[in-house]
Amino acid sequence: MDTQEPLKIVIVGGVGGGMAAAVRARRMNEMASITIVEKGEYISYANSGVPYVLGGLITTDTTLVLQTAAGLKARFNIDVCVNTELLAISRNKHVIEVQDLNTDTVYSLPYDKLILSQGAEPLRPQIEGIDSPNIFTLQTLSDSYAIRNHVVKHECRRAAIIGGGFIGLKAAENLYNLGLQITVIESNNHVFPLFDRDMAELLHTELRRQKVQLYLNRKIEQLDRTEDGYVCNIILDDGSTVSADLVVTATGIKAQTSVAREAGLAIGKNGVSVNVFMQSSDMDIYAIGDMVETEHQIAHRPQILALAGPANRQGRLAADHIFGIASPYRGNVGTFLSKVFNLTAGITGLSIEGLREIGYSPLWITVHLPDHAGYYPLSSQMTLRIAFEPFTGRLLGAQSIGRLGVDKRIDVLSTALQAGMSVFDLEHLELSYAPQYGSAKDPVNMAGFVGSNLLRGLVDIFYPGEFQNMPRDWQILDVRPSEDYMRGHAPSAINIPIDSLRDNISRLDKSRPVIIYSRVGYYGYIAYRILKQTGYKAANLDGGYELFAKGAFHPPT
Numbered sequence: 001m002d003t004q005e006p007l008k009i010v011i012v013g014g015v016g017g018g019m020a021a022a023v024r025a026r027r028m029n030e031m032a033s034i035t036i037v038e039k040g041e042y043i044s045y046a047n048s049g050v051p052y053v054l055g056g057l058i059t060t061d062t063t064l065v066l067q068t069a070a071g072l073k074a075r076f077n078i079d080v081c082v083n084t085e086l087l088a089i090s091r092n093k094h095v096i097e098v099q100d101l102n103t104d105t106v107y108s109l110p111y112d113k114l115i116l117s118q119g120a121e122p123l124r125p126q127i128e129g130i131d132s133p134n135i136f137t138l139q140t141l142s143d144s145y146a147i148r149n150h151v152v153k154h155e156c157r158r159a160a161i162i163g164g165g166f167i168g169l170k171a172a173e174n175l176y177n178l179g180l181q182i183t184v185i186e187s188n189n190h191v192f193p194l195f196d197r198d199m200a201e202l203l204h205t206e207l208r209r210q211k212v213q214l215y216l217n218r219k220i221e222q223l224d225r226t227e228d229g230y231v232c233n234i235i236l237d238d239g240s241t242v243s244a245d246l247v248v249t250a251t252g253i254k255a256q257t258s259v260a261r262e263a264g265l266a267i268g269k270n271g272v273s274v275n276v277f278m279q280s281s282d283m284d285i286y287a288i289g290d291m292v293e294t295e296h297q298i299a300h301r302p303q304i305l306a307l308a309g310p311a312n313r314q315g316r317l318a319a320d321h322i323f324g325i326a327s328p329y330r331g332n333v334g335t336f337l338s339k340v341f342n343l344t345a346g347i348t349g350l351s352i353e354g355l356r357e358i359g360y361s362p363l364w365i366t367v368h369l370p371d372h373a374g375y376y377p378l379s380s381q382m383t384l385r386i387a388f389e390p391f392t393g394r395l396l397g398a399q400s401i402g403r404l405g406v407d408k409r410i411d412v413l414s415t416a417l418q419a420g421m422s423v424f425d426l427e428h429l430e431l432s433y434a435p436q437y438g439s440a441k442d443p444v445n446m447a448g449f450v451g452s453n454l455l456r457g458l459v460d461i462f463y464p465g466e467f468q469n470m471p472r473d474w475q476i477l478d479v480r481p482s483e484d485y486m487r488g489h490a491p492s493a494i495n496i497p498i499d500s501l502r503d504n505i506s507r508l509d510k511s512r513p514v515i516i517y518s519r520v521g522y523y524g525y526i527a528y529r530i531l532k533q534t535g536y537k538a539a540n541l542d543g544g545y546e547l548f549a550k551g552a553f554h555p556p557t
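In this text, residue positions in the sequence shown follow full-length UniProt numbering: the first is 1, and each later residue adds one.
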């Protein structure tokens with residue numbers, strides 16, 4: 001008779017990664033003792049939906065709550081302790097100390113294998129008054145209810161969002177949906193710092209169109225408060241004053257590593273250090289999700305990645321490893337997607353700015369294309385940028401912004417990035433096509449065509465940022481139709497519409513190089529091929545006039 005004790009697995013933290021680990025462990029072993037300890041009220045809910053509870057798009061708890069303690073016990077025979085906080089880990093004794101936050105009772109739980117999934121906590125600016133009662137963070141269901149209740153109780157009209165990242169802009173949009181006037185304060189020179197500045201300008205245009213006030217490249221100097229302690233004015237470093245009835249801080253996150261550190265586990269720069277099987281420096285303790293550092297496949301350095309998908313996969317892999325399946329975690333490329341009012345913004349890999357920060361000198365191309373066949377109703381333009389290595393063309397990153405179809409292209413490019421594909425591979429991808437959903441030459445294919453043309457020497461590209469250092473003898477050629485030119489053009493540009501270029505090519509000085517632009521770049525490429533084959537030195541402006549018209553760059557006058 002087998003008298004061996006069932007394996008004791010304790011998981012600290014539910015929601016995404018912890019829940020994935022728990023149910024995977026149960027499927028792997030029916031006899032194991034599995035306990036989840038969760039500090040919050042909810043053991044399993046879709047935390048990505050929290051901002052939409054704030055905005056009223058999601059109206060009930062039951063919509064987001066995926067499982068309850070009773071449900072987990074009935075279906076998976078998993079014990080759950082909610083409102084229970086981890087206090088300490090005794091590694092030698094294989095015991096954790098926890099506290100029931102409802103009763104303040106402190107007790108111990110033994111473990112054979114421990115999985116830490118404690119997540120991260122919001123960072124708050126270090127400034128006097130940041131603990132005022134009308135300053136909130138937005139991370140949990142309780143946060144969304146607290147903000148919403150404050151708006152109603154105090155009849156708030158103005159909200160200030162500190163931080164223009166993903167959470168900040170979700171908070172902005174959902175408070176806007178409640179009827180508030182919105183101001184976003186961002187310390188960088190553009191929102192969504194993961195994106196390139198000129199790409200983010202497309203989002204700035206949309207935010208301003210929605211009457212959102214933007215204060216970019218600004219820091220907070222002071223918080224003015226009323227007699228009862230509520231923040232009423234935010235003073236910025238340029239002397240500007242932002243008035244607000246409500247403030248949401250969304251300035252980043254910090255991994256919850258204090259207990260792990262006190263237990264002597266190895267901690268990296270920003271989170272718990274783990275191996276490819278999600279084991280910490282103690283082989284009986286695993287760590288997953290927002291609290292750990294995993295390798296970025298492009299940067300080749302450890303980073304924290306606060307995304308639900310990786311956390312869930314890490315939980316599953318940790319449970320597998322406990323039961324003898326060695327399936328190593330492959331790292332991250334950082335694939336993000338977010339709605340910004342009427343636009344969708346997506347990124348995978350690194351931006352041009354991000355690549356340069358880690359020592360790359362990438363090439364990139366920017367295209368503007370319809371999300372599906374232009375002749376089919378309701379098509380809309382998306383902007384797509386891919387970054388790649390010189391010579392090899394290996395993909396390093398992609399960004400896209402548009403109304404429709406962004407998610408599809410970013411997912412395809414994320415897959416290509418993880419597979420080590422190049423721009424030459426993008427040319428040959430066979431993607432689904434029907435006019436309602438795409439084009440015979442999909443935007444991903446088109447990006448591959450343009451990138452491959454660059455590497456094959458079929459086009460030279462001039463990047464908008466190079467305008468500042470452009471030699472004065474260069475000519476600027478606008479090949480758009482005359483009516484488009486009259487509505488606006490780059491300073492000093494000569495207008496020769498593409499269809500009349502061959503007949504008017506003598507208007508250009510052959511001894512001087514030519515920068516060509518069209519609306520989105522395609523006609524500029526045709527003009528480049530004409531000029532190049534008739535003896536001109538030329539370059540086509542990346543992204544065409546489209547980004548210029550939306551304020552993405554400003555050539556000197």
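Backbone N, C-alpha and C define an ideal beta-carbon position, used for all residues, glycine too.
Among the options, nearest to residue i - alpha-carbon criterion
i           : options                   : result
D509        : N102, G521 and G535       : G535
L236        : L246, L216, T251 and G14  : L216
V37         : V65, R26, D79 and E30     : D79
L214        : D228, V53 and N189        : N189
G457        : T294, V412, H489 and F391 : F391
G86         : I401, G14, P51 and R507   : In the sequence on display, residue 86 carries Leu and not Gly. Out of I401, G14, P51 and R507, G14 has the C-alpha closest to the C-alpha of L86.
M31         : Y42, V12, Q4 and S48      : Q4
Q181        : E155, V191 and R197       : E155
residue 582 : R301, D460 and F76        : Because residue 582 is not part of the residues shown, which for the chain are 1 to 557, the question remains open.
N332        : I352, I220 and T294       : T294
D284        : D112, I530 and D371       : D112
A20         : S240, S380 and D320       : D320
DSSP state of residue i mapped onto helix, strand, coil
i    : result
S144 : helix
Y215 : strand
Y52  : helix
P555 : Only weak support is given to the placement of P555: the predicted model assigns it a pLDDT of 39, under 50, and the question is left unresolved by the model.
D79  : strand
T383 : strand
R24  : helix
A345 : strand
Y154 : The sequence shown places His at residue 154, not Tyr. DSSP places H154 in coil when its eight states are reduced to three.
H190 : coil
G374 : coil
G465 : helix
Through-space distance from residue j to residue i, alpha-carbon basis
i           : j    : result
G451        : G309 : 30 Å
I185        : L109 : 45 Å
V65         : S117 : 18 Å
Y176        : S281 : 46 Å
A538        : V151 : 57 Å
H368        : S500 : 24 Å
L350        : S400 : 12 Å
F336        : T105 : 41 Å
L203        : A549 : 14 Å
residue 558 : W474 : Coverage of the chain is limited to positions 1 through 557, which leaves residue 558 absent and any answer about it impossible.
Y523        : F449 : 15 Å
M28         : Q297 : 29 Å
N102        : G40  : 11 Å
residue 558 : E97  : As shown, the chain starts at 1 and ends at 557. That puts residue 558 outside it, with no answer to give.
V444        : Y528 : 22 Å
E227        : I130 : 15 Å
C81         : L363 : 52 Å
G18         : N312 : 8 Å
Y545        : I530 : 19 Å
L378        : V520 : 19 Å
residue 596 : L547 : A question about residue 596 goes unanswered here, because the residues of the chain that appear run from 1 up to 557.
Q436        : P370 : 11 Å
I516        : M470 : 13 Å
*Would you list, in sequence order, the uninterrupted beta strand (DSSP E) runs of no fewer than 3 residues that lie entirely inside the stretch 401-449?*
Those beta strand (DSSP E) runs which fall completely within the stretch 401-449 and span 3+ residues do not exist here.
*Every unbroken alpha helix (DSSP H) inside the stretch 477-551 [4 residues or more]*: Complete alpha helix (DSSP H) runs here, min 4: 482-487, 501-504, 522-532 and 544-549.
*So does the stretch 476-484 actually touch the stretch 410-425, counting three or more Cβ pairs closer than 8 Å?*
Touching, no.
*Can you find at least 3 beta carbon pairs, one from the stretch 383-390 and one from the stretch 327-340, that sit closer than 8 Å?*
Touching, no.
_With a threshold of 8 Å, are at least 3 pairs of Cβ atoms found where one atom belongs to the stretch 474-481 and the other to the stretch 489-498?_
With a cut-off of 8 Å, the stretch 489-498 and the stretch 474-481 count as touching, because enough Cβ pairs lie within range.
_I want to know whether the stretch 236-248 touches the stretch 120-137 - three or more CB-CB distances under 8 Å._
The stretch 236-248 vs the stretch 120-137: in contact.
*asked:* I'd like to know if the stretch 422-431 and the stretch 393-408 are in contact, where contact means that at least 3 CB-CB pairs between them fall below 8 Å.
replied: Contact between the stretch 422-431 and the stretch 393-408 is established, with three or more Cβ pairs separated by less than 8 Å.
_Taking contact to mean 3 or more Cβ pairs, one atom from each stretch, closer than 8 Å, check whether the stretch 152-165 and the stretch 259-273 are in contact._
Flag = no, the stretch 152-165 and the stretch 259-273 do not touch.
_Cβ contact (3+ pairs, closer than 8 Å) linking the stretch 276-290 and the stretch 115-130_ = The stretch 276-290, when compared against the stretch 115-130, does touch it at the 8 Å Cβ threshold.
*Quick one: which unbroken alpha helix (DSSP H) runs of 4-plus residues sit fully inside the stretch 300-358? Chain order, please.*
As far as the stretch 300-358 is concerned, its whole alpha helix (DSSP H) runs of at least 4 residues are 308-322 and 352-357.
*Tell me the start and end of each unbroken alpha helix (DSSP H) in the stretch 196-241 that is at least 4 residues and wholly inside, in chain order.*
If only complete runs of 4 or more residues are kept, the stretch 196-241 shows the alpha helix (DSSP H) at 197-209, in order along the chain.
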